[in-house]
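Number of protein chains: 4
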Amino acid sequence: MVRILGKEIFKTTTGTPFLIPTTGTGAWESALTNTLSPGDRIVSFLIGQFSLLWIDQQKRLGFNVDVVESEWGQGANLEILAEKIAADRAHTIKAVCIVHNETATGVTNNLAAVRRILDEYRHPALYLVDGVSSICALDFRMDEWGVDVALTGSQKALSLPTGMGIVCASPKALEASKSAQSVRFFFDWNDYLKFYKLGTFWPYTPSVQLLHGMRAALDVIFEEGLDHVIERHSRLGKATRLAVEAWGLKNCTQREEWFSDTVTAVVVPPYIDSTEIVKRAWKRYNLSLGLGLNKVAGKVFRIGHLGHLNDLQLLGCLAGVEMVLKDVGYPVKMGSGVAAASSYLQNTIPLIPLRI
Amino acid sequence: MVRILGKEIFKTTTGTPFLIPTTGTGAWESALTNTLSPGDRIVSFLIGQFSLLWIDQQKRLGFNVDVVESEWGQGANLEILAEKIAADRAHTIKAVCIVHNETATGVTNNLAAVRRILDEYRHPALYLVDGVSSICALDFRMDEWGVDVALTGSQKALSLPTGMGIVCASPKALEASKSAQSVRFFFDWNDYLKFYKLGTFWPYTPSVQLLHGMRAALDVIFEEGLDHVIERHSRLGKATRLAVEAWGLKNCTQREEWFSDTVTAVVVPPYIDSTEIVKRAWKRYNLSLGLGLNKVAGKVFRIGHLGHLNDLQLLGCLAGVEMVLKDVGYPVKMGSGVAAASSYLQNTIPLIPLRI
Amino acid sequence: MVRILGKEIFKTTTGTPFLIPTTGTGAWESALTNTLSPGDRIVSFLIGQFSLLWIDQQKRLGFNVDVVESEWGQGANLEILAEKIAADRAHTIKAVCIVHNETATGVTNNLAAVRRILDEYRHPALYLVDGVSSICALDFRMDEWGVDVALTGSQKALSLPTGMGIVCASPKALEASKSAQSVRFFFDWNDYLKFYKLGTFWPYTPSVQLLHGMRAALDVIFEEGLDHVIERHSRLGKATRLAVEAWGLKNCTQREEWFSDTVTAVVVPPYIDSTEIVKRAWKRYNLSLGLGLNKVAGKVFRIGHLGHLNDLQLLGCLAGVEMVLKDVGYPVKMGSGVAAASSYLQNTIPLIPLRI
Amino acid sequence: MVRILGKEIFKTTTGTPFLIPTTGTGAWESALTNTLSPGDRIVSFLIGQFSLLWIDQQKRLGFNVDVVESEWGQGANLEILAEKIAADRAHTIKAVCIVHNETATGVTNNLAAVRRILDEYRHPALYLVDGVSSICALDFRMDEWGVDVALTGSQKALSLPTGMGIVCASPKALEASKSAQSVRFFFDWNDYLKFYKLGTFWPYTPSVQLLHGMRAALDVIFEEGLDHVIERHSRLGKATRLAVEAWGLKNCTQREEWFSDTVTAVVVPPYIDSTEIVKRAWKRYNLSLGLGLNKVAGKVFRIGHLGHLNDLQLLGCLAGVEMVLKDVGYPVKMGSGVAAASSYLQNTIPLIPLRI
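Protein chains in written order, with full-length UniProt numbering: chain E, 1 to 356; chain Y, 1 to 356; chain A, 1 to 356; chain D, 1 to 356.
If you want it as structure tokens, here you go:
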């Protein structure tokens, strides 16, 4: 257990991972306080509940947050980013913060495009990415996209229990941590780095059981192959969207370019309360759907499709959604979503390598 | 762990359970050797692979087996039983052996009817029942139906690992064990009974971990309620049969009265090899279907639906079967089986009590 | 899982527990940042490595720390505390911070005496206690001793994996949290309190597996009885000290009043390097002893005796220590420590209630 | 899981292992019924409770058992064996049955000597060995000693849960199974062999969880090294005997040549009831000792020292025994047994390879 786990999942060779006994919220805090100082201007995109929470944290931690808001269901507005970056000749913007995949609305942002904008204007802002519901499930390339801090949590695509925040810092981010003035102790990378040098790795007692879990999770992921894992999520996402379409319902995500392969937020007709759908799914069918949060409360329900999940499990879930839709009075054609999904999947599921 | 577990699942108050570290095959042997003597005449029904194996055991253990064979897909021929019992004024028939649910063909026999025949002729034959794929899933009433030995295994409806054969003996069976001349030691009830009296319960080291498992399994079953568990299986069985019908395929079970609620054997068209279906399901969809065995090899595949299984898991399985059927060239309408099943289930699934 | 776990272990009826997905270090941070503002004067006792680390945190989080240092092996100097409190008529001291049990030196501080001092001078300072290696093992009385924030971690006397910081706040501490100006987000009690009101309990994903573990750990503790658990630790501590004495070695703890019942730091003769003892114990005997830390590095090794540990396990450990001592050239009389411990234990171990 | 596990632990290259979902008692039955016919003469040694139980089985299964009895505490009387073998020119003796290690008295028989006797007279009797409490703990060499059937159980030196009988048959035993007339079905090797040829390995559902356990147990054993495992048991056995001697108590085993390295039966003075020792150990110290059985009931208690057990665990156990001895009024010098054991162990425990 002596080497630090996790670098591979970020597709980085130069990054330094920190495995912190915390959650995604703590990982956010680690990313911000280690690289920035109070009052620093940061650009941050508000596109749904989880980006909103991160922005709330950014504000409460004392940063000067320049919020770029989009309608919920849309991706980050990169045109506005480009304008701000272009205008910022004085480099007052210290960081750009973006959620790769907004779990509340099922929107995946275009991380490569953010990098292109920063590069176009040779802007030195740090590039901080919340990859909680993307890393190990969606295409993520830390080095190629010049991400400075990427982070995820143990309980998402790694399919472990909650309790480990996994943060990866670029050399530039580590450099920034030397002068960052934000008050921090539990989340301070410098303490970790000190112990890395000593070869003992943790400045305080780590979550040993989650480190063993991490080792096992990485074995499972790399046995399938990280790229195959990503393809599987792509397949499950597409299948889910085909089902939604077959049901005659709308995806909360407004454009195909933003479609998320890890979660689909489904808009219900105005005469239905999506909360009722989530409740019934849980109480009658033992099916755990996601609530609509905040602005989309009552309006959407969410189907999660990330982690150690296979095609038949998804189809069982879709069949369950159909029953709930019927229960709440939506005129769904039973089997229609499953058929749309399975017709697509039947042609695309690869053989399981160990069983060929 | 001091009281003997398991009586409740047989619906008996007078039976004596034996929890033997063995499998269903050993439980069969226990039932026969403790109650019968070599050369004893027994009537036994051959209706599929598992009844055939039991008959093989009966013969090799030295009994005089009067085999009543049915076409595979049919239930036990009780008319012939009635004739034999009627004719046996001398009571040369020492036992009637029947498999409650033939797992190979998905046929459930009518146990109450067997008892009626024996009663009608006041015939004293012992009544031995293999309940491996029925007890805790199908309606089973040891006392009411006058069953003398009932048996099951830990790995079926109890959803435990394999390794415990659970045998329940009526007072009449215990009485028979006193004079039964079959050679036995490991399976000898008398050793168990001796230790029951001592309060130490096992004549040799028991499978302690499976006793803990049994306690947990019974808690799960009785929390749901044994009768609700049976209703759930009834629902899952019906849903599966509706799917098979929607696919335009035939149930191997020839008459509704014999339909099994724990396993469905599906007949494939002659131009398809059912073995191919089972292989593909495993290799591509991670779906474990049952092969056609012996006389129905290549002709049927089997869908198991017993144990700790819920409606959405079954629907996921049915969706998987549809994909495999398509793979092997059967002109299935995608979603058709799932729709047939879910249309039925949507009206019939009860709320989960703990979540109301 | 709906009610908040853990109040009972603090012996409080008015406290509010927070179960935070973090470690003891994070629990410290939670206690400080929720109750204090940057620049606040706090009195803190430096008596060993863990109190030193907490003081380091206190300083780095921006508090004005009035350090009361004792020689390592002594308890908190309460005379100096009394002087400071007496002198502080202006109530510039906002909090007194103390480690109940200093794990590095095996010193248990007198918490009741601290409260008496504060009461004597009617001083309103908050009373913050690190109970990481004491709560659920040593006598701890939050309400009786007027502790304002008490904290522990899942991996100590609760015998769970690392990953949950358990913090309990008095009404006065909660009141303080309303005006505390320290920057905080992940550790902010107010977010927890908001969700407590909503009945959903966590402002972010909790460590669900540790909540299940906590439930099980509390069941184990309350089945034995919290006071019996404390008595057991008292017995194990005494037995260990008797062994140390029999070996002719000195306890790092300088006075009986400070003896710790959860860890014993043993001073080795100058010609022995205690690090060698710890290494050999691990490499040859599969025995995990604690290193001497910082000022006592090389000079002491530590025997932990807290949590789900029984008398024979401790005696096995003591026998192992004897072998290591012999290995490194200390002239120990083999069996002497074990005999001293077991002679005492033999008279004092109670019957196991469930086995009487 | 496709290849058959276990051959290595018997030190055989030509043997065929059978992993049967049963216990040691079933493994005995498998060994006898597959190689012998009713009425066959066998020589069997009665030296304690477990050999007595096997002989009881041999008789009840219909064999003509020529019992060679020794006083309990002595090993098998090989002089009488030699006489019988010498006298049996007609080869009426079909098998010699011996318990390698008699668990009731802590006696290890000399298996090589039995082979020498058979060889000296070129006697073709099968050589059947119960290795339940020896294989994977004591030196056992199936091929070298010409053992025809060797057997053990999962719950002994393999440290797994109960439920798997592991039987290994020599080519000669397999040959014998072709003509053996004993009635058998569940335990019939021929059914296993048929499925071995098919590559599916089990004639009925196996204990899948124990097969996974077996794989893990073998990994643990071969990581330590089978010969190192045997040396460890030798060390633990010697240490235990030194403790017994230091207590002034007698080993039930009468001669050093028979000393068992997996269990030590300790004789108590006449004024003490050993049952009381076992009860108190369990009720007060959570220590599980073995009762004296049958002829030695009340006279001996047993200390087991086999399986996944290390030196400190044994020393903790010995310390516990000392406390119980004191409890029941035996004038034990506290620490004396532990000191005797640890003085020996301290010089002999090797470094743990992975930690060097």
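All C-beta atoms, glycine included, are put in the ideal place defined by N, C-alpha and C.
Source: prediction; values computed, not measured.
- Beta-bridge partners assigned by DSSP to Glu69(D): Leu46(D).
- Taking 8 Å as the upper bound on Cβ-Cβ separation, chain E lies near no residue of the region 105-128 of chain Y.
- Identification of chain A residues near Ile349(D) by a Cβ-Cβ cut-off of 9 Å yields Arg284, Tyr285, Met323, ordered along the chain.
- Rounded to whole angstroms, the separation of the alpha carbons of Arg241(Y) and Asp327(Y) is 21 Å.
- In the structure shown, Asn64(E) falls within a strand segment according to DSSP collapsed to helix, strand and coil.
- The region 334-354 of chain A makes contact with the region 333-341 of chain D: 3 or more CB pairs, one atom from each, lie closer than 8 Å.
- Between Tyr344(Y) and Leu312(E), the CB-CB gap reaches or exceeds 8 Å.
- Closest by C-alpha distance to Thr348(A), out of Ala265(A), Asn110(A), Gly163(A), Gly237(A), is Gly237(A).
- Val114(D) is positioned such that its CB atom lies closer than 8 Å to that of Leu78(D).
- Every alpha helix (DSSP H) of 4 residues or more that sits fully in the region 74-152 of chain D is shown, in chain order, as 78-87, 111-120.
- For Glu29(A), the chain E residues whose C-beta falls within less than 7 Å of its own C-beta are Phe185, Phe186, listed in chain order.
- In this structure, the alpha-carbon of Thr13(A) lies about 39 Å from that of Val167(E).
- Annotation for Pro17(D): the continuous beta strand (DSSP E) segment containing it runs 16-20.
- The straight-line gap separating the alpha-carbon atoms of Val68(E) and Asp130(E) is approximately 16 Å.
- Proximity of Asp311(A) to chain D, defined by a Cβ-Cβ separation below 8 Å, is satisfied.
- For Ile277(E), the uninterrupted alpha helix (DSSP H) run begins and ends at 274-285, by DSSP.
- Taking one beta carbon from each stretch, the region 152-164 of chain E and the region 200-217 of chain E have 3 or more pairs nearer than 8 Å; the two touch.
- Those residues of the region 188-208 of chain Y placed with their C-beta closer than 7 Å to a C-beta in chain D are Tyr204, Thr205, Pro206, Ser207, Val208, ordered along the chain.
- With a threshold of 16 other beta carbon atoms within 10 Å, Asn294(E) falls short and is exposed.
- Non-local beta-carbon contacts of Phe195(E) in its own chain, meaning distances under 8 Å to residues more than five positions away in sequence, involve Phe201, Trp202, Pro203 in chain order.
- Under the 10 Å beta carbon count, Gln155(A) is surrounded by 16 or more other beta carbons and is classified as buried.
- Listed in chain order, the non-local C-beta contacts of Lys94(Y) below 7 Å within the same chain comprise Leu36, Asp40, Arg41, Ile42, Ala125, Leu126, local neighbours out to five positions each way being set aside.
- If you check the CB distance, Leu111(D) and Trp72(D) do not come in under 8 Å.
- Under the three-state reduction of DSSP, Cys317(D) is assigned to helix.
- The Cβ atoms of Asn34(Y) and Ser177(Y) lie closer than 8 Å to each other.
- Under a criterion of Cβ atoms nearer than 9 Å, no residue of chain A is adjacent to Gly290(E); the nearest Cβ is some 12 Å distant.
- Residues of the region 159-180 of chain A with a Cβ closer than 7 Å to any Cβ of chain E, in chain order: Pro161, Thr162, Gly163.
- For Arg41(Y), DSSP records a beta bridge to Asn64(Y), Ile93(Y).
- One alpha carbon belongs to Gln49(D), the other to Asn109(D), and they sit about 15 Å apart.
- Using a CB distance below 7 Å, the part of the region 329-347 of chain A facing chain D consists of Met334, Gly335, Ser336, Val338, Ala339, Ser342, Ser343, Leu345, Gln346, ordered along the chain.
- Chain order gives the chain D residues near Gly62(Y) as Val183, where near means a beta carbon separation below 7 Å.
- Taking CB atoms only, Gly26(D) has no neighbour in chain A less than 8 Å away.
- In terms of beta-carbon proximity, Cys97(E) stays away from the interface with chain Y, with every pair separated by 8 Å or more.
- Here Arg280(E) is buried: its Cβ has 16 or more other Cβ atoms, across all protein chains shown, within 10 Å.
- Excluding residues up to 5 positions away in sequence, Leu151, Gly165, Val167 lie with their Cβ nearer than 6 Å to the Cβ of Ala27(E) in the same chain.
- Ala169(Y) carries a strand assignment under DSSP once its states are collapsed to helix, strand and coil.
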